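Input: a single structure, listed below in structure tokens.
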Amino acid sequence: MRKSLRHLFAGVSGVAIIASGVAITATPASADAAFSSDAVAFVDAFLPPSGSSNIDFSVKVTGAYTAAGQPDKKIWVHFTKDDTASSIVWANGTVTQPAALSTAPSPNEAVVKGVIPVSVSDTASDKWRLELALTDTAATVAPTTGWTKATDFTVAAATRVSNFDVDPDTVTLKSGTSVDVAVRAVIEKAGGEVLKEARVESDDTSDYYSLQTGMEADDKTYYDYVSMDSSTSTGRWQAKLTITRGAKTYSFVKGFDVKKGTTSKAKSKVTFAVSPTKVKKGKSVKMYGTVYRGYTSWGPWKKKIVKLYFKKKGTKTWKFAAYIGANNSGKFTKTVKPKYDGYWRVGAFATSLTLGKWSAYKYVDVR
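The working numbering applies: residue 3 is where the sequence shown begins, and numbers increase by one.
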């Protein structure tokens, strides 16, 4: 007993002092718990485009529990952003400790999860390293020795959006006609990005226009446009690109202004739907909707002839496809056989008494 105590207090590192209000320094463990030979698994190992974020990781611990189901050891993690530096700087990560059980599981192991904090100011490289350690469960301070399970890993660059532009940046709505508003951007991909949604939206109202999510042929340039008329809400607007990467979602925005024009004409709107949206080549799809007009409330635009347009995926040009006549209820329908993947929309064009309006885009996947 005395020999054990003498060794405990005489050690150069990992000295344990047990006293009221005094931290218990973690002593490297030597019991049954150990890290599995399986590789440490990282999730979303990339930097954020702004602010801060976390990189998730998991590792398996064998012999994780005592016979009574209590955690056998406490797990610690630290990491460095450059393991080639002459003086390596370590920072602590966070680990979710195994929860107590009623009895030890079989097999006696636990998958431990943790996070490494990262920020936009960090450097993407393959010089990052993570190390893990096991100590007594009562330890409250990370160990100074005994770090094992060293794992080098790569942190990828952040997703960026550059040359984000709305043209014109001040939209002046014109009486009796529509104004095309173009949205352009370059999405600098670093791996795994998907453009999930693109739209222009009012900051002050629920008004918005959907944009397509297809990219140009170089797979980095984005372009689309919307047509705004005097029914569009005025004020501050923004173009928004929503991009997913792994389990994370980022929104990139570009602001612009919309000013109201004057008109004595009635407004119009068009609903448009496609069914089905996925079809084998040579098979038919139904395209249908309703066209409305009004000054203060909506009614059917009876017998209105709308125009159906198509834009092939990866191209910029909308091409006329067909005329569709609405009935007395403003309803219209058309059966077509799409040949290519692409976007469809209908336009109710202006008259001397009523403003024109485009419908939202609908994408059809031809297989």
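Each residue gets a CB set at the ideal place from its N, CA and C atoms; glycine is no exception. Keep in mind the model is a prediction, meaning the values are calculated, not measured.
- In the three-state reduction of the DSSP assignment, residue 114 falls in the strand class.
- In this structure the stretch 351–364 does not lie against the stretch 314–324, because fewer than three pairs of beta carbons, one per stretch, are closer than 8 Å.
- Taking residue 81 as reference, the option from 325, 102, 118 and 100 with the minimal CA-CA separation is 118.
- DSSP places residue 218 outside any beta strand (DSSP E), giving it a letter other than H or E.
- Three or more Cβ pairs closer than 8 Å define a contact, and the stretch 226–236 meets that threshold against the stretch 210–218.
- Assignment of residue 169 by DSSP, reduced to helix, strand and coil, places it in the strand class.
- Residue pairing for residue 189: DSSP places it in a beta bridge opposite 163.
- Under the 8 Å Cβ criterion, the stretch 93–113 does not count as touching the stretch 152–170, having fewer than three qualifying pairs.
- Take the alpha-carbon of residue 366 and the one of residue 198: they are about 16 Å apart.
- Fully contained in the stretch 267–302 are the following beta strand (DSSP E) runs of length 3 or more, in chain order: 269–277 and 287–296.
- Partner residues in the beta bridge of residue 56, as assigned by DSSP, are 119.
- For residue 359, the CB contacts under 6 Å within the same chain, skipping 5 residues up- and downstream, are 270, 271, 272 and 350 in chain order.
- The beta-bridge partner set that DSSP reports for residue 72 is empty.
- When DSSP states are grouped into helix, strand and coil, residue 226 belongs to the strand group.
- Judged by DSSP in its simplified three-state form, residue 369 adopts coil rather than helix or strand.
- Cβ contact annotation for residue 204 (same chain, cutoff 6 Å, sequence separation greater than five): 235 and 239, in chain order.
- Collapsing the DSSP output to three states places residue 351 in coil.
- In this structure residue 338 does not touch residue 283 by the C-beta definition: roughly 12 Å separates them, more than the 8 Å allowed.
- Rounded to the nearest angstrom, the Cβ distance from residue 276 to residue 364 is 4 Å, consistent with a contact under 8 Å.
- In terms of Cβ geometry, residue 161 and residue 196 do not form a close pair [threshold 8 Å].
- Within 10 angstroms of the beta-carbon of residue 342 lie fewer than 16 other beta-carbons, which makes it exposed.
- Shown here for residue 116: same chain residues with a beta carbon closer than 6 Å to its own, the five before and five after excluded, namely 59, 79, 95, 96 and 97 in chain order.
- Counting other Cβ atoms within 10 Å of its Cβ, residue 253 stays below 16 and is therefore classed as exposed.
- Residue 127 sits in a strand when the DSSP states are folded into three classes.
- Straight-line spacing of the CA atoms in residue 200 and residue 311 works out to 20 Å.
- CA-to-CA, the gap between residue 295 and residue 232 works out to about 13 Å.
- For residue 152, the enclosing beta strand (DSSP E) stretches over residues 150–157.
- Considering only 185, 192, 209 and 104, the residue with the shortest C-alpha distance to residue 218 is 185.
- Secondary structure at residue 327: strand, using DSSP grouped into helix, strand and coil.
- In the three-state reduction of the DSSP assignment, residue 318 falls in the coil class, being assigned neither a helical nor a strand state.
- In the assembly as shown, residue 177 is an exposed residue. Its beta-carbon has fewer than 16 other beta-carbons within 10 Å.
- Under DSSP, the beta-bridge partners assigned to residue 309 are 325 and 349.
- Collapsing the DSSP output to three states places residue 91 in coil.
- Close CB contacts of residue 43 within its chain, under the 8 Å cut and outside five residues either way in sequence, are with 59, 60 and 61 (chain order).
- For residue 179, the secondary structure class from DSSP, reduced to helix, strand or coil, is coil.
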